[in-house]
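S.K.: Next up is a structure, given as structure tokens.
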Amino acid sequence: MTLGLLPMESGGGGYTPPGVDDFKWDSMWPGVLPDWFNKPFAQAVIGALLVIILWWIASRNLKVKPSKGQFAAEYIYEFVRNGIARDILHSDFRKFLPYLLGLFSFLLVNNWFGEFFLFMYPTFSNVGYAYGLAILSWLIYVGAGFKKWGFGGFLKKALIPEGVPGYLLPIVIPLEFLATFITRPITLALRLFANMFAGHLVVMVFVVGGGFLITYANNTFFNVAGGVSLAFSLVIMLLELFIGALQAYIFTVLTAQYVSTSIAEAH
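When we follow the numbering used here, the leftmost residue of the sequence shown carries the number 14, and every step to the right adds one.
This is the structure:
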């Protein structure tokens, strides 16, 4: 991964703006590890381990008067339990709560990697990982529908809305098939990817551009502009913390909503 800066030359320097190539990663150990064993993969593994370890620690030695760590864990748990799972899935929420809680936590950690030292890269700005998580959620909500209604019953429920006249079914059935089995996982993934990619790219533009301007030789205006750009990048990074949390929430809410439509009595 490059940072967009070319070697400085006398009297100025070279600058290449950040772009798609800055989101491409080689193997962490070229010649030994395969190409897919790169930084995003390592972050995904670290993120999963952090979620498991943090929730394991949070569930031990619970006290009536919670510590700050227990209070924070309980707040996140109740936020997902009451604000997402129970509100959307109602009486069926308990069986899906562990997945929704793990999903939200995993998304939050990996989105926030983009603003923390040593990582500085949101895992889901790599579209493959966004698709992977979207496919997992797709399997959950489609599997829940098949389990409750049976294969034929779920297909009938998903593809034939109640009250649709028979002469419209040749049009409605293909559209419902696309919505349930194709567009939902695609849009779920692309929404997450696009927000993480765009946000990180904006941060890189201000950091790389500011770094270039602040080191530009014999030009006070450029130097000052570079300092302002670097300062503004900190504001953008704080905004990205909020966006990362928001995207984790949206992804989890949509997953719960899709599960709800799969198992609800009415289509």
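Cβ atoms here follow ideal geometry from the backbone N, Cα and C, with glycine treated the same way.
As the structure is a computational prediction, the values presented were derived from the model and not from experiment.
Could you tell me if aspartate 39 is buried or exposed, where buried requires 16 or more neighbouring beta carbons within 10 angstroms of its beta carbon?
M.R.: exposed
S.K.: Going by DSSP, which residues form a beta bridge with tyrosine 142?
M.R.: DSSP, once it has assigned bridges, lists no residue as partnering tyrosine 142.
S.K.: Between which two residues does the alpha helix (DSSP H) containing alanine 192 stretch?
M.R.: Looking at the DSSP string, alanine 192 is not in any alpha helix (DSSP H), and its letter there is neither H nor E.
S.K.: Might you give, ordered along the chain, the residues of its own chain that have their beta carbon closer than 7 Å to the beta carbon of glycine 222, omitting 5 neighbours on each side?
M.R.: Cβ neighbours of glycine 222 beyond the five flanking positions: Ser242.
S.K.: Determine, using beta carbons only, whether methionine 209 and glutamine 260 come nearer to each other than 8 Å.
M.R.: yes
S.K.: Write down the C-beta distance between histidine 213 and proline 111 rounded to the nearest angstrom, noting that I regard them as a contact closer than 8 Å.
M.R.: In this structure, histidine 213 and proline 111 do not form a Cβ contact; the two beta carbons are roughly 30 Å apart against a cut-off of 8 Å.
S.K.: Name the two residues that bound the continuous alpha helix (DSSP H) containing glycine 127.
M.R.: Segment: none, glycine 127 is in no alpha helix (DSSP H) and carries neither H nor E.
S.K.: Nearest CA to the CA of proline 174: which residue from Ala277, Met133 and Leu131?
M.R.: It is Ala277.
S.K.: Does the pairing of the segment 125 to 134 with the segment 54 to 62 give three or more beta-carbon distances under 8 Å?
M.R.: yes
S.K.: Hey, isoleucine 153 and threonine 268: beta-carbon distance below 8 Å or not?
M.R.: yes
S.K.: Find out if the Cβ-Cβ distance for the pair leucine 102, serine 150 is shorter than 8 Å.
M.R.: Inclusion of leucine 102 and serine 150 in the CB contact set at 8 Å is not warranted, their separation being larger than that value.
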